[in-house]
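Protein chains in written order, with my numbering: chain A, 1 to 231; chain B, 1 to 253.
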């Protein structure tokens, strides 16, 4: 049942990402909590969403270019991490999160390849629409547009739960076999958070972006240090 | 003959499916024809003329999915005139060809490079600080604004046709995009600082230093065009190795 939830949420996210609406519901910051909520671990999804969002902030479909499929990657990472955390009885910890990203992050890159294949598949839909129009069937021709939603749904609904299953299998085995890894992997999660923020700043391509990024980070650290110091 | 408001609303709803069958040959051609079809059905009672109109909207088309709403509205504006015999049948196609490039550039620059990543960063920082209510609030504000703007562009295109360019220019979207990009970079800096403070409190002060180091390394590496995912793997591995070394060092003392 859990994998069915992952499949449905990942499939709907794939549709929302490009084919319908594009209301940010398939962005990692929203999708990871949705997956977490669907699997009964909202806090786990909320832990994963922000760094993944910042990491893939620049994953934008401009013109005919294809970015990594951040929605597919996020669905697999969040689904796998929540199920792994449940198997361990700890929920999604930083150690679980790092291993889930390491195991399923590549799916975003694979998603770019499947997106390309879907675009080629859709050429047939457009050709069929033209054929139906010539046959005097305009309503049937226009329906071909909606059939274009099926392929991204199916691909994500198959790949995301498969990758989540892999994460749910591997991560508990690793952390049970090597419990001493929990603490070091927490450091890895902290480092990934720093990189994600940097990747987000880079994604804005602002002329003053790096200076603003550094300045606001310094101010946040100073304010946090002062508030922490006066407690 | 004018297209009735209920049909216009239906066309706008169908605009949300513009990229459903995005393809390498005609790009958004099928989505465009699908969106405008209810209006064409109203304008051309003769099936042959409707088919001819649909055929011209199956020509290659590509634009930003939000700003394309203005072109769909403007195409209906021109189709009304074609149906009334005031314009040649090629007028809607010419309108689309002239505007799709500039409006794609405006949409990519404002929505995809400014507004959406800004709200992504805002939602991320808000979630880190306040949890899910901040996330929901950010999504609601983004969608209220983006849907309002899509509808406004659609209506402006329908009412003013070619003049929609003037309406769009009045919105000063490139200037707003620049401000949003700056604001987004600030939000990412806040996220970096807050993440480092959190790591310092949760793990150790050195973990906070590591997080800042990873941010600096990320800025440099990505500036040198390093690929994102391999960089993320390297940073996670190095961060974990530093954590392990620290553990060993502490255990040895």
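Ideal Cβ positions, reconstructed from N, Cα and C, are used throughout, including at glycine.
This one's a predicted model, so the numbers in the text were calculated from it and none came from an experiment.
Nearest chain B C-beta to residue i closer than 8 Å, yes or no?
i, result
"residue 156 of chain A", "no"
"residue 44 of chain A", "no"
"residue 107 of chain A", "no"
"residue 70 of chain A", "no"
"residue 213 of chain A", "yes"
"residue 24 of chain A", "yes"
"residue 86 of chain A", "no"
"residue 204 of chain A", "yes"
"residue 210 of chain A", "yes"
"residue 16 of chain A", "no"
"residue 7 of chain A", "no"
"residue 161 of chain A", "no"
"residue 75 of chain A", "no"
"residue 131 of chain A", "no"
"residue 198 of chain A", "yes"
"residue 230 of chain A", "The pLDDT assigned to residue 230 of chain A is 42, lower than 50, so where the model puts this residue is not dependable; a value taken from the coordinates is nonetheless given after this. Chain B, which has no Cβ nearer than 8 Å to the Cβ of residue 230 of chain A, makes this no."
"residue 38 of chain A", "no"
"residue 148 of chain A", "yes"
"residue 111 of chain A", "no"
"residue 171 of chain A", "no"
"residue 224 of chain A", "yes"
What residue range is occupied by the uninterrupted alpha helix (DSSP H) comprising residue i?
i, result
"residue 70 of chain A", "70 to 88"
"residue 66 of chain B", "Residue 66 of chain B -> no alpha helix (DSSP H), and no H or E assigned at all."
"residue 96 of chain B", "91 to 107"
"residue 129 of chain A", "106 to 134"
"residue 203 of chain B", "Premise fails: residue 203 of chain B is in no alpha helix (DSSP H) and is neither H nor E."
"residue 119 of chain B", "116 to 130"
"residue 3 of chain A", "2 to 14"
"residue 45 of chain B", "Where residue 45 of chain B is concerned, there is no enclosing alpha helix (DSSP H), given that its DSSP letter is neither H nor E."
"residue 93 of chain A", "Counting along the chain, residue 93 of chain A falls outside any alpha helix (DSSP H), and DSSP gives it neither H nor E."
"residue 187 of chain A", "182 to 203"
"residue 142 of chain A", "138 to 147"
"residue 49 of chain A", "42 to 55"
"residue 225 of chain B", "First-last for residue 225 of chain B: undefined, no H or E at that position."
"residue 60 of chain A", "First-last for residue 60 of chain A: undefined, no H or E at that position."
"residue 113 of chain B", "It is not in any alpha helix (DSSP H) - residue 113 of chain B carries neither H nor E in the DSSP assignment."
"residue 12 of chain B", "5 to 15"
"residue 178 of chain A", "Element bounds for residue 178 of chain A: n/a, residue is neither H nor E."
Name the DSSP beta bridge partners of residue i, please?
i, result
"residue 23 of chain B", "B:27"
"residue 61 of chain B", "B:27"
Taking 8 Å as the threshold (beta carbon to beta carbon), is residue i in contact with chain A?
i, result
"residue 162 of chain B", "no"
"residue 25 of chain B", "yes"
"residue 134 of chain B", "no"
"residue 247 of chain B", "yes"
"residue 236 of chain B", "yes"
"residue 15 of chain B", "no"
"residue 71 of chain B", "no"
"residue 7 of chain B", "no"
"residue 203 of chain B", "yes"
"residue 76 of chain B", "no"
"residue 116 of chain B", "yes"
"residue 19 of chain B", "yes"
"residue 65 of chain B", "yes"
"residue 242 of chain B", "yes"
"residue 44 of chain B", "no"
"residue 149 of chain B", "no"
"residue 251 of chain B", "no"
"residue 127 of chain B", "yes"
"residue 106 of chain B", "no"
"residue 231 of chain B", "yes"
"residue 257 of chain B", "Residue 257 of chain B is absent from the model: chain B starts at 1 and stops at 253."
"residue 194 of chain B", "yes"
"residue 98 of chain B", "no"
With a threshold of 7 Å (Cβ to nearest heavy atom), would residue i be considered close to the ligand SAH?
i, result
"residue 50 of chain A", "Ligands are entirely absent from the displayed structure, and the ligand SAH is therefore not among its contents."
Round the Cβ separation of residue i and residue j to the nearest angstrom and send it over; I've been treating them as touching at under 8 Å.
i, j, result
"residue 46 of chain A", "residue 127 of chain B", "6 Å"
"residue 229 of chain B", "residue 105 of chain A", "6 Å"
"residue 176 of chain B", "residue 111 of chain B", "About 11 Å; that fails the 8 Å criterion."
List, in order along the chain, the chain D residues whose C-beta lies closer than 9 Å to that of residue i?
i, result
"residue 172 of chain B", "In the displayed structure, chain D is absent; the protein chains listed are A and B."
When you compare the region 133 to 147 of chain A with the region 70 to 80 of chain B, are there three or more beta-carbon pairs, one atom per stretch, that lie closer than 8 Å?
no
Counting pairs of Cβ atoms below 8 Å between the region 189 to 207 of chain A and the region 45 to 53 of chain A, do you hit three or more?
yes
Cβ contact check for the region 206 to 216 of chain A and the region 195 to 207 of chain B: 3 or more pairs under 8 Å
no
Three or more C-beta pairs closer than 8 Å, one from the region 8 to 22 of chain B and one from the region 95 to 114 of chain A: is that the case here?
no
Kindly confirm or deny that the region 213 to 226 of chain B and the region 67 to 82 of chain A touch, where touching means at least three C-beta pairs closer than 8 Å.
no
Does the pairing of the region 154 to 171 of chain B with the region 19 to 26 of chain B give three or more beta-carbon distances under 8 Å?
no
Using 8 Å as the threshold, is the region 150 to 167 of chain A in touch with the region 13 to 23 of chain A, meaning 3 or more CB pairs across them?
yes
Using 8 Å as the Cβ pair cut-off and three pairs as the minimum, do the region 18 to 38 of chain A and the region 171 to 181 of chain A touch?
no
Three-pair Cβ contact test at 8 Å for the region 115 to 132 of chain B versus the region 76 to 90 of chain B:
no
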